[in-house]
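Engineer: For the sequence shown, position 37 (counting from the first letter as 1) is numbered 502 according to the numbering used here, and the numbering increases by one without interruption.
Where is the CB? At the ideal position from N, CA and C, for every residue including glycine.
I'd like to ask some things about the structure below.
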Amino acid sequence: MHRILEARFLAPDIKLFRIEAPKIARKRRAGQFVIVRVTADGERIPLTIADGDPEAGWIALIVQGVGKTTRLLNTLEAGDAIQDVAGPLGAPSHVENFGTAVVIGGGVGTAIAWPTAVALKQAGNRVISIIGGRTRELVILEDEMRRVADEVHPTTDDGSYGFHGLVTDKLQQLLDEGRTIDFVLAIGPVPMMRAVAEVTRPHGIRTVVSLNPIMVDGTGMCGGCRVEVGGETRFACVDGPEFDAHQVDYELLALRNRAYVEFERARLEEFERRRHEGPCRLERQLEELGREDAGSATPRA
């Protein structure tokens, strides 16, 4: 069991957890993730390690409540415990002094991009951060990014805060201004990452994306996280999660990510219905839901 030290919302449905995990905190590196089970019989979900303190023995996870399990996780508070957290998993981000690095986070993708932005700055890069959301309240970790990046450009789809437009619009503006960009990291929804790749492709800018396919065990055994990169099958959990943005088959990635949409929607509707039937009954039924979902798969948050 892993005790929750802190739990607070960063935005609607997006919650930060600090969790006791001393061994993971000592070994984790930027870009890696963990596999989490909220209950003993619950499904396994992959979550990126957003932060950590090896001396204090904690890691930070940032969770967007989009499905049944992430909604259940987001009901927990400080003092509660998570059944198990396995990791760190995945290949760490490749970090070197590229020169000027642009780190792009779309929505909760900013939580995944943040630790790599820190590592890039520590490696001597000039870091420019572009963080986006549909509206102002969905732009997260701006203060944290400002502490590490040389420039931070918030963007909102509706123009309620910062630059009015998509993160790709801001990236294109920087290029149109003649800014030298040596490396781009983009993390967020599949269409966003694909769009970033198309913006940088004509300029020959080295561009990396962090993929979030369906994943179960996190060790390459199940094959659920397979993706096509450069015409070859790769496994995001062991070969990634970061890949060359110009080589990823985004159409296939999006198709595979939609495989369980109807199932997840039905489970979420049932969870919400039972949630309103009363706390005592809810506890019993959450246990039942965990047993029913044991072994099912969820995309990385």
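Of the residues Pro519, Ala543, Val655, which one's Cα is nearest the Cα of Arg723?
Structural biologist: Val655
Engineer: So, for Ala490: in the same chain, excluding its five sequence neighbours on each side, which residues have a beta-carbon less than 7 Å away from its beta-carbon?
Structural biologist: Gly517, Asp518, Pro519, Gly522, Trp523, Ile524
Engineer: Alpha carbon to alpha carbon, how far is Phe474 from Lys480?
Structural biologist: Here the alpha carbon of Phe474 sits roughly 4 Å from the alpha carbon of Lys480.
Engineer: Any idea if Met466 is buried or exposed, counting beta-carbon neighbours within 10 angstroms, 16 or more meaning buried?
Structural biologist: Result: exposed.
Engineer: Mind the definition here: the segment 558-567 touches the segment 588-600 only if three or more C-beta pairs lie below 8 Å; say whether that holds.
Structural biologist: yes
Engineer: Given that a residue counts as buried once 16 or more other Cβ atoms are within 10 Å of its Cβ, and exposed if not, what is His629?
Structural biologist: exposed
Engineer: What's the gap between the Cα of Gly507 and the Cα of Thr540?
Structural biologist: The straight-line gap from Cα to Cα measures roughly 15 Å.
Engineer: Please name the residue in Arg502, Leu512, Gly532 whose C-alpha comes closest to that of Phe736.
Structural biologist: Gly532
Engineer: Could you check the C-alpha separation between Gly695 and Ala710 for me, to the nearest Å?
Structural biologist: For Gly695 and Ala710, the distance between alpha carbons rounds to 10 Å.
Engineer: Determine the burial state of Arg730: buried for a count of at least 16 other Cβ atoms within 10 Å of its Cβ, exposed for fewer.
Structural biologist: exposed
Engineer: So, do the segment 547-559 and the segment 623-638 have three or more beta carbon pairs nearer to each other than 8 Å?
Structural biologist: no
Engineer: Tell whether a beta-carbon distance below 8 Å holds between Ala584 and Ile652.
Structural biologist: no
Engineer: DSSP state of Pro519, grouped into three classes?
Structural biologist: coil
Engineer: Pop quiz: Ile500 and Pro511 are said to be a contact at Cβ under 8 Å. What is the actual Cβ separation, rounded to whole angstroms?
Structural biologist: Indeed they touch by this definition, with Cβ atoms about 6 Å apart.
Engineer: CB-CB under 6 Å to Pro706, same chain, minus the five flanking residues each way: which ones, in chain order?
Structural biologist: Gly555, Ser675, Leu676
Engineer: So, for Asp549: in the same chain, excluding its five sequence neighbours on each side, which residues have a beta-carbon less than 8 Å away from its beta-carbon?
Structural biologist: Excluding its 5 nearest sequence neighbours in each direction, Asp549 has C-beta neighbours in its own chain below 8 Å: Met466, His467, Val501, Arg502, listed in chain order.
Engineer: Taking Cβ positions, are Gly597 and Thr581 nearer each other than 8 Å?
Structural biologist: no
Engineer: How long is the line joining the alpha carbons of Glu697 and Leu470, rounded to whole angstroms?
Structural biologist: 42 Å
Engineer: Restricting to Cα atoms, I'd like to know which of Phe648, Ile646, Arg721 is closest to Met680.
Structural biologist: Arg721
Engineer: Just list the alpha helix (DSSP H) runs in the segment 605-673, keeping only unbroken ones of 4 residues or longer that don't cross its boundaries, in chain order.
Structural biologist: 607-613, 632-641, 655-665
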